[in-house]
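Trainee:
Right under this line is the structure:
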């Protein structure tokens, strides 16, 4: 792409390869509508990103009308004088009128009218500033992905910023909670992401109001009930069911039933964290500081753990799990457990965490002191004396407690 000046206005030009001549001609050309070279370079980069680069690759442009409207909207927003603003708006109106008159269908007429509103700033795509917001956020990749999904979800119902007022926001929230059966916790998180995006828009001077402040949580939002524990017999049945088709999942269940560890702790457990001489393994990088702990290896688990490690000296205990794009090794196998327990007749309140609850329940019924159970499971201790001042139960004390597990 290169720029040339014609009649005091910069144009963007790009010579096309021969393979595209039949469909696109020999050259792409478009007026950038400005005599300012720096501004023209900026607008040309937007044009290349959203439209021309995709045409050169033989792909469909990212809504060419929206890309062109964004060019003019940016020009109008950055115009220095009222005269320049009016001239640009008149030019946009002429373009839209010409498209409207040439339209052969009602949809093409609607597109022409929408182009006019978008280009003049009367309609701004809701996701237009999403990338800027996310790039400035100090978040993990997973958090950014969740935020993008939330704003994209809203944009599917409310495509333009100008459509969003408090009434529309309340209606959208009520609808998404009802149709997707969201829990109150999930709805609050969704609303938090949207509010964050709107604060960004306000800080950039794109909006003046915050329509998502003061919304009422729909009464249909489900309260997220506590996960239910599996009974020892149910855990054994699930392990046997998994063993028939999915040995890796069955091994994960065995690790969970004899340790009470969280699924992500087990899936990220490395061989170097296992000490067979001490008959224990160490959990590191847990969800909380209390989660970092030394866990005894139950006598019933020892043969399976040795089998999983074999002659290896490094790598993961569960070697063949595949991480998702966020590096989470528990995601896919967790879904496999979800399908397993559903096929076995369990509902939404029974998840892998229910195995951890089964261990906790057994320890309580065996009269193991809560502080010792907390040290085994990686919970915060409930009292100041033990929680603040104690260094924790010894490995042998924890081992004696954990050996009380029976299936």
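Numbering (the working numbering), first residue to last: 10 to 416. Virtual Cβ for every residue (Gly too), placed ideally from N, Cα, C. Note that the structure is predicted; figures quoted are calculated from it, not measured.
State the CB to CB distance for the pair residue 250 and residue 182, rounded to an integer number of angstroms; the pair is presumed to be in contact (CB under 8 Å).
Mentor: Going by Cβ atoms, the distance from residue 250 to residue 182 rounds to 40 Å, so no, they are not a contact pair.
Trainee: With H, G and I counted as helix, E and B as strand and the rest as coil, what does DSSP make of residue 11?
Mentor: strand
Trainee: Leaving out five residues on either side along the sequence, give the residues of the same chain with a beta carbon under 8 Å from the beta carbon of residue 22.
Mentor: Shown here for residue 22: same chain residues with a beta carbon closer than 8 Å to its own, the five before and five after excluded, namely 10, 11, 12, 13, 36, 37 and 38 in chain order.
Trainee: Exposed or buried, residue 312, counting other C-beta atoms within 10 Å across all chains shown (16 or more means buried)?
Mentor: exposed
Trainee: In terms of residues, what are the limits of the beta strand (DSSP E) holding residue 303?
Mentor: Unbroken beta strand (DSSP E) run through residue 303: 302-305.
Trainee: Do residue 261 and residue 358 count as a contact pair if the criterion is CB distance below 7 Å?
Mentor: no
Trainee: When DSSP builds the beta bridges, which residues end up paired with residue 325?
Mentor: 279
Trainee: Decide yes or no for the touch test of the stretch 128-144 against the stretch 87-95: beta carbon pairs closer than 8 Å, at least 3 of them.
Mentor: no
Trainee: Among the residues of its own chain, which have a CB less than 8 Å from the CB of residue 162, if the five just before and after it don't count?
Mentor: 185 and 199
Trainee: Could you please give me the residues that DSSP links to residue 18 through a beta bridge?
Mentor: In the DSSP secondary-structure assignment, residue 18 is bridged to 15.
Trainee: Out of curiosity, what's the CA-to-CA distance linking residue 323 and residue 240?
Mentor: 34 Å
Trainee: May I ask which residues mark the beginning and end of the beta strand (DSSP E) holding residue 40?
Mentor: Segment 36-40, the beta strand (DSSP E) holding residue 40.
Trainee: Among residues of its own chain, excluding the 5 on either side of residue 416, which ones have a beta-carbon nearer than 7 Å to its beta-carbon?
Mentor: 241, 244, 245 and 266
Trainee: For the candidate residues 103, 110, 170 and 77, whose alpha-carbon lies nearest to that of residue 128?
Mentor: Cα-wise, what sits closest to residue 128 is 77.
Trainee: Tell me whether residue 169 sits in a helix, a strand or coil according to DSSP, three-state version.
Mentor: Secondary structure of residue 169 (DSSP, three-state): strand.
Trainee: May I ask you to verify whether the stretch 148-161 touches the stretch 95-106, counting CB pairs closer than 8 Å and requiring at least 3?
Mentor: no
Trainee: Suppose you measure from the CA of residue 227 to the CA of residue 157; what does that come to, to the nearest Å?
Mentor: 23 Å
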